[in-house]
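Report on one structure; see the data block that follows.
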Amino acid sequence: GRTLAADLHATKPNKSMTGTPMYMSPEVIKGENPGRAGAVDIWSLGCVVLEMATGRRPWANLDNEWAIMYNIAQGNPPQLPSGDQISAQGLSFLSKCFARDPKLRPTAVELLQHEWIMTVRSQVVEPMTPSDASSPATPTPMTGTSGKGSWMPEGGN
Numbered sequence: 001g002r003t004l005a006a007d008l009h010a011t012k013p014n015k016s017m018t019g020t021p022m023y024m025s026p027e028v029i030k031g032e033n034p035g036r037a038g039a040v041d042i043w044s045l046g047c048v049v050l051e052m053a054t055g056r057r058p059w060a061n062l063d064n065e066w067a068i069m070y071n072i073a074q075g076n077p078p079q080l081p082s083g084d085q086i087s088a089q090g091l092s093f094l095s096k097c098f099a100r101d102p103k104l105r106p107t108a109v110e111l112l113q114h115e116w117i118m119t120v121r122s123q124v125v126e127p128m129t130p131s132d133a134s135s136p137a138t139p140t141p142m143t144g145t146s147g148k149g150s151w152m153p154e155g156g157n
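With the first letter of the sequence shown counted as 1, position 113 gets the number 113 in UniProt numbering; the numbers rise by one all the way through.
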């Protein structure tokens, strides 16, 4: 088989590697078929969420890109945050993002339905109040002096 170094220096467009290795999925590092569309991005999303939760980059415990790529190619996920950094639901979310088999990783739509995201959304999005229910759901166009619908108040350009 080909070595990782050979793949890194490949000259064919379909074998070239771009991006930051610490955010790459195992199949990208190994030059394999990515499987389901978007699966490589879900792995990268997990890396970004991990960094947001911990304040440290994925693979921060490793000192060089070759060690990082070796671990990723072996199918090892980055070190997950501790329970005091993220909830059990958050750990579940990350574990799904880091599924070794890209066909087993959820889609972005599926992740939006994950219990952790639903919990966060319910805390961030204010529930509608009775007075909001009587308001129109979309903005009402304002009418300028021309009589045509306008999104700017009169005199606004």
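Here a beta-carbon is modelled for each residue, glycine too, at the ideal position from N, C-alpha and C.
- Message: Only counting the same chain, and skipping five residues up and downstream in sequence, which positions put a Cβ closer than 7 angstroms to that of Q73?
- Response: Mapped onto the sequence shown, residue 73 falls at position 73. Strictly speaking, residue 73 in this sequence is Ala, with Gln absent from that position. Cβ within range, chain order: L4, P26, I29, K30.
- Item | Reference V109; option with closest CA among L45, N33, P34 | To locate residue 109, count along the sequence shown from 1; it is residue 109. Checked all of L45, N33, P34; the closest Cα to V109 is L45.
- Could you have a look at E110 and say whether DSSP puts it in helix, strand or coil? Here residue 110 corresponds to residue number 110 of the sequence shown, with the count starting at 1. Looking at E110 - three-state DSSP - the assignment turns out to be helix.
- Round the Cβ separation of S92 and W116 to the nearest angstrom and send it over; I've been treating them as touching at under 8 angstroms. Stepping through the sequence shown from its first residue, residue 92 is reached at position 92. Stepping through the sequence shown from its first residue, residue 116 is reached at position 116. Correct: roughly 7 angstroms between the Cβ atoms.
- Message: Please classify G90 as buried or exposed, where buried requires at least 16 neighbouring CB atoms within 10 angstroms.
- Response: The residue given as residue 90 occupies position 90 in the sequence shown. Per the 10 Å Cβ criterion, buried.
- In whole angstroms, what separates the C-alpha of A39 from that of M24? Taking the first residue of the sequence shown as position 1, residue 39 is located at position 39. Taking the first residue of the sequence shown as position 1, residue 24 is located at position 24. Their Cα atoms are separated by approximately 11 angstroms.
- Query: Tell me which same chain residues have a C-beta within less than 6 angstroms of the C-beta of G55, skipping the five on either side of it?
  - Reply: Here residue 55 is taken as the residue at index 55 of the sequence shown, counted from 1. Answer for G55: no residue qualifies.
- Item | Beta-carbon proximity check, P102 vs R36, cutoff 8 angstroms | As a first step, residue 102 must be located in the sequence shown, where it is residue number 102. As a first step, residue 36 must be located in the sequence shown, where it is residue number 36. Closer than 8 angstroms, so yes.
- Query: According to DSSP, is L94 helix, strand or coil?
  - Reply: Along the sequence shown, read from residue 1 onward, the residue named residue 94 stands at position 94. Three-state result, L94: helix.
- Sequence-distant residues of its chain with Cβ nearer than 7 angstroms to E51 (five each side left out): Counted from its first residue, the sequence shown places residue 51 at position 51. Excluding positions up to five away in sequence, the list reads R57, P58.
- Message: So for M118, helix, strand or coil by DSSP?
- Response: Taking the first residue of the sequence shown as position 1, residue 118 is located at position 118. Helix.
- Task: Identify, in the order they occur along the chain, each residue of the same chain with its Cβ nearer than 8 angstroms to the Cβ of H114, setting aside the five sequence neighbours on each side.
- Result: Indexing the sequence shown from 1 puts residue 114 at position 114. The beta carbon of H114 sits closer than 8 angstroms to the beta carbons of Q89, S92, F93, K96, P106 from its chain, once the five residues preceding and following it are set aside; these are given in chain order.
- Return the CA-CA distance between F98 and P81, expressed in angstroms with no decimal places. Within the sequence shown, residue 98 is the residue found at index 98, counting from 1. Within the sequence shown, residue 81 is the residue found at index 81, counting from 1. If you take the alpha carbons of F98 and P81, they lie about 13 angstroms apart.
- Query: If we ignore side chains and look at the alpha-carbon of each, how far apart do A47 and D41 end up?
  - Reply: Locating residue 47 in the sequence shown gives position 47, where the first residue counts as 1. Locating residue 41 in the sequence shown gives position 41, where the first residue counts as 1. A small fix is needed here, since residue 47 is Cys in this sequence, not Ala. In a straight line, the C-alpha of C47 is about 10 angstroms away from that of D41.
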